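In numbering that gives the first Met the number 0, the protein residues as written are 0 to 622.
C-beta atoms are modelled at their ideal positions from N, C-alpha and C, and glycine is treated no differently.
Please read these numbers as outputs of a predicted model, since none were measured by experiment.
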Amino acid sequence: MSSNKDIAVRVLDAVGGKENVNSVVHCATRLRFKLKDENKADTARLNQDDDVIQVVQSGGQYQVVIGSHVSDVYRELNGVANFDGEADSKGDKGNLLNQLVDIISSIFTPFLGAMAGAGVLKGFLTLAVTLNWLAADSGVYTVLYAIADGLFTYLPVMLAFTAAKKFRTNEFLAVSLAMALVHPNITALAGQTLSFFGLPVIIGASAYTSSVIPIILAVFLQSYVERFFKKVIPSFLQIICVPLAVFLIMAPLTFIVVGPLGTILGNLLGSAYDSIYHFSPLIAGAVMGGLWQVFVMFGMHWGFVPIMMLNLSQTGVDTMVPMLLPAVLSQGGAALAVFFMTKNVKLKGLALSSTITSIFGITEPTVYGVTLPLKKPFIAACISGALGGAFIGFSQVENYTFGLVSLLSLPSFIPQDTKDLSGLIAASIGTAIAFGAAFVLTFFLRFEDQPATDASVAPAKEPAAPTESSSKERVILSSPLEGKVVPLAEVKDQVFSSGALGKGIAIEPTIGALYAPADGTITTLFPTGHAVGLTTTDGAEILMHIGMDTVELDGKGFEVFVKQDDQVKRGDLLVKFDLDTIKAAGLSTITPIVVTNTPQYLDVMDMNQTDVLQGEDFLAIVK
0 MSSNKDIAVR VLDAVGGKEN VNSVVHCATR LRFKLKDENK ADTARLNQDD DVIQVVQSGG
60 QYQVVIGSHV SDVYRELNGV ANFDGEADSK GDKGNLLNQL VDIISSIFTP FLGAMAGAGV
120 LKGFLTLAVT LNWLAADSGV YTVLYAIADG LFTYLPVMLA FTAAKKFRTN EFLAVSLAMA
180 LVHPNITALA GQTLSFFGLP VIIGASAYTS SVIPIILAVF LQSYVERFFK KVIPSFLQII
240 CVPLAVFLIM APLTFIVVGP LGTILGNLLG SAYDSIYHFS PLIAGAVMGG LWQVFVMFGM
300 HWGFVPIMML NLSQTGVDTM VPMLLPAVLS QGGAALAVFF MTKNVKLKGL ALSSTITSIF
360 GITEPTVYGV TLPLKKPFIA ACISGALGGA FIGFSQVENY TFGLVSLLSL PSFIPQDTKD
420 LSGLIAASIG TAIAFGAAFV LTFFLRFEDQ PATDASVAPA KEPAAPTESS SKERVILSSP
480 LEGKVVPLAE VKDQVFSSGA LGKGIAIEPT IGALYAPADG TITTLFPTGH AVGLTTTDGA
540 EILMHIGMDT VELDGKGFEV FVKQDDQVKR GDLLVKFDLD TIKAAGLSTI TPIVVTNTPQ
600 YLDVMDMNQT DVLQGEDFLA IVK
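Here is the structure:
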């Protein structure tokens, strides 16, 4: 594995450099970029990077899945490019849903780790008291509970800071507003109504501790108020007058309008969720347990985070988190089955490690590295998650503190007052059902194993003999296609035209057949058949990409005649493709052929042809 700095440098270069980045934040496993132009990002290069698990484009974000050490990579990234996570409003905002998802994720992700740690600690303190390991009035319990509960009590303060960064307003003014909302004098007046110059100030029954929506709305309005006063107040007076003006406007506005409005919105969301849940807890559990990982893949899970927190702040309990636990652990069960079934040494190691990470609530390595690429294990995990979620929903398990959904969440299902263990037991059974069912179902459904990459597993193959076209000075490649020669610089894809992937040429084919340009080994083969990588016996790495954006066809119109790691001879048929199908989809048939390890050679030169026949010499690689 490369150093975190090396990973950061490669990722930054692949997404188009600093100038293509509006903002970047990270969550538990992903770097979440807001790019000015996603077309400038080299997704293929990132997906081929050994230190990148997967690339996900969803919710208006370009997400690079790194793994559990993403915070270290982010820190190095920030050091290289001096990012601060601030958004540039000039970028493409996308539709309303994408904007909402982006806002929620940007506000919550910076302190997600702190929330998860505090939630787990709070749950274990409850377990310790229940099992008589600690006394509730002991000094140890008091000190640790203060840190475990403090974050949630004063949650508006955390939200104010991250929301201010998102809305590009002064963080300390926003935090001051949040502190006013949770001030002891205000909290003591919970359920009462004050008078502010004759205007009613309604303080909710639980005041604003642990609230979510009011402070986010307040900071959003603050961003406009602050910008207004910065325009009208002379610069030499702004250091004092702008904060004062913001306080005088926002304090009464927050308490009189925003706070009650946010409370009403929160109550409506909470009531809507309760209505759906109580209609059928069993169905709710099956849906959430079965589809949660799908929601995560598309970034839609962030829409549920405020509901979880609203449930906790309004009623002290949440029923959503317990239903999600089977969805997380079922992925681990499927991955464990893959570990026992696969013959691929690399996949076996990844399956085992990702099983462990899923136990601790980190499923991205499991989903993107193991279950989803193999398809059937992912389906098995979703079905099993639905079974476990249905059981937990039917048992009406409740959660009493917020935290990362993992096996460590179980103690948080114990109520602090009654110390009843029934919720923990039911959640444990439901999770065991999901894990075990995913393990067994993966064995039942099977999957197409990836080719073995270890020399001890893969059968030895006779190396291909050197071709007559190779010499000590140069390697001559024959054309894999028949058609019109197009300079690489004219290809309407910056990744190829810029030479980022290497030197070469492109061909607009007249016949839909791709042949081997030299003797060698198939080292890259996309399941869709639209791209083939060949390493020649001389060590040249050749990438042949049939058409532009043809991955969207999902293999339609393509017939593949080789497999990964096959050894081929010059002129062997690799892929047949239907030109009419590609053109009917509105896609270009121009096919770049590039030498991806160009820096290892003195030069890569074409033969100055305008048209070329299949099998005709067309590229010279100078050693």
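So, with DSSP's three-state summary, where would you put residue i?
{"i": "M604", "result": "strand"}
{"i": "F576", "result": "strand"}
{"i": "H300", "result": "helix"}
{"i": "G360", "result": "coil"}
{"i": "I620", "result": "strand"}
{"i": "R473", "result": "strand"}
{"i": "T452", "result": "Confidence at T452 is low in this model, with a pLDDT of 43, below 50, so the placement of that residue should be treated as unreliable; the coordinate-derived value is given next. If DSSP states are grouped into helix, strand and coil, T452 belongs with coil."}
{"i": "R44", "result": "helix"}
{"i": "K17", "result": "helix"}
{"i": "I432", "result": "helix"}
{"i": "S615", "result": "In the sequence on display, residue 615 carries Glu and not Ser. Three-state DSSP puts E615 in coil, outside helix and strand."}
{"i": "Q415", "result": "coil"}
{"i": "T186", "result": "helix"}
{"i": "N398", "result": "strand"}
{"i": "L133", "result": "coil"}
{"i": "E461", "result": "Note that E461 scores a pLDDT of 41, beneath 50, so its modelled location is shaky and nothing firm can be said."}
{"i": "Q563", "result": "coil"}
{"i": "D610", "result": "strand"}
Classify residue i: buried if its beta carbon has 16 or more other beta carbons within 10 angstroms, exposed otherwise.
{"i": "K659", "result": "Since the first and last residues shown for the chain are 0 and 622, residue 659 lies out of range."}
{"i": "N38", "result": "exposed"}
{"i": "H25", "result": "buried"}
{"i": "Y276", "result": "buried"}
{"i": "K345", "result": "exposed"}
{"i": "S194", "result": "exposed"}
{"i": "N343", "result": "buried"}
{"i": "F412", "result": "buried"}
{"i": "P155", "result": "buried"}
{"i": "S274", "result": "exposed"}
At what residues does the alpha helix (DSSP H) containing residue i begin and finish?
{"i": "P668", "result": "Because residue 668 is not part of the residues shown, which for the chain are 0 to 622, the question remains open."}
{"i": "E170", "result": "170-180"}
{"i": "Y223", "result": "212-231"}
{"i": "D12", "result": "3-13"}
{"i": "Y73", "result": "69-80"}
{"i": "G384", "result": "375-394"}
{"i": "K121", "result": "111-129"}
{"i": "G498", "result": "Segment: none, G498 is in no alpha helix (DSSP H) and carries neither H nor E."}
{"i": "V629", "result": "The displayed coordinates of the chain run from 0 to 622. Any statement about residue 629 would go beyond what the structure contains."}
{"i": "G331", "result": "319-340"}
Anyone know if the C-beta pair for residue i and residue j falls short of 7 Å?
{"i": "G528", "j": "I506", "result": "no"}
{"i": "G332", "j": "A499", "result": "no"}
{"i": "N21", "j": "E75", "result": "no"}
{"i": "E447", "j": "V316", "result": "no"}
{"i": "L578", "j": "F560", "result": "no"}
{"i": "A283", "j": "G138", "result": "no"}
{"i": "Q613", "j": "V484", "result": "no"}
{"i": "S222", "j": "F171", "result": "no"}
{"i": "D41", "j": "V494", "result": "yes"}
{"i": "A385", "j": "G269", "result": "no"}
{"i": "A147", "j": "K121", "result": "yes"}
{"i": "V218", "j": "I255", "result": "no"}
{"i": "G501", "j": "V594", "result": "yes"}
{"i": "L406", "j": "I358", "result": "yes"}
{"i": "L176", "j": "M249", "result": "yes"}
{"i": "G570", "j": "Y514", "result": "yes"}
{"i": "P364", "j": "T354", "result": "no"}
{"i": "G189", "j": "A206", "result": "Looking at the sequence itself, residue 189 is Ala, so the reference to Gly does not match. Yes, Cβ-Cβ distance for A189 and A206 is below 7 Å."}
{"i": "T125", "j": "Q415", "result": "yes"}
{"i": "I504", "j": "T28", "result": "no"}
{"i": "L45", "j": "A7", "result": "no"}
Could you give the first and the last residue of the continuous beta strand (DSSP E) run that contains residue i?
{"i": "Q60", "result": "60-64"}
{"i": "K640", "result": "This structure leaves residue 640 out entirely; the chain is present only between 0 and 622."}
{"i": "P199", "result": "198-201"}
{"i": "K483", "result": "482-485"}
{"i": "F194", "result": "Sequence inspection shows Ser at residue 194; the Phe mentioned does not correspond to that position. S194 -> beta strand (DSSP E) spans 192-195."}
{"i": "E519", "result": "Just to set this straight, residue 519 is Gly in the shown sequence, not Glu. Note, G519: beta strand (DSSP E), 519-524."}
{"i": "V559", "result": "557-559"}
With DSSP as the reference, please indicate the residues paired to residue i in a beta bridge.
{"i": "M543", "result": "V531, I592"}
{"i": "G503", "result": "V593"}
{"i": "P508", "result": "G482"}
{"i": "K33", "result": "S22"}
{"i": "Q53", "result": "V64"}
{"i": "Y514", "result": "L572"}
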